[in-house]
Amino acid sequence: HSVQLISTRNGELLERVDAHDSTITHLAWCPLPRPMGPEAGGAAAFVFATSSRDRRVRVWRAPKF
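Numbering-wise (this note's numbering), the sequence shown opens with residue 3 and increments by one.
In structure tokens, the structure reads:
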């Protein structure tokens, strides 16, 4: 069972993650804090977590947009 990340701009498939052996039941999306100072800039970073009937919770780093 997989999670597909799709662009809201053009419908393009950004990434497919083969996440679990069973049905995915929950997904949570969270932005990461941006760095401050000279290293700041660039695209925002996100992580997401999935859980499933296989009784696992997995945390993933989303691609940068």
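Here a beta-carbon is modelled for each residue, glycine too, at the ideal position from N, C-alpha and C.
Assuming Ser4 contacts Ala21 (C-beta within less than 8 angstroms), just tell me the rounded distance between them. 6 angstroms
Going by C-alpha distance, which of Phe50, Asp56, Arg55, Ser54 is nearest Arg63? Phe50
Just the C-alpha distance for Pro33 and Ala46, rounded to the nearest angstrom, thanks. 7 angstroms
Whether Arg55 touches Thr10 by CB criterion (8 angstroms): no
Coarse secondary structure for Arg63, derived from DSSP in three states: strand
Can you pull the DSSP bridge partners for Leu7? Glu17
Chain-order list of residues whose beta-carbon lies under 7 angstroms from that of Leu15 (same chain, five-residue window excluded): Gln6, Ile8
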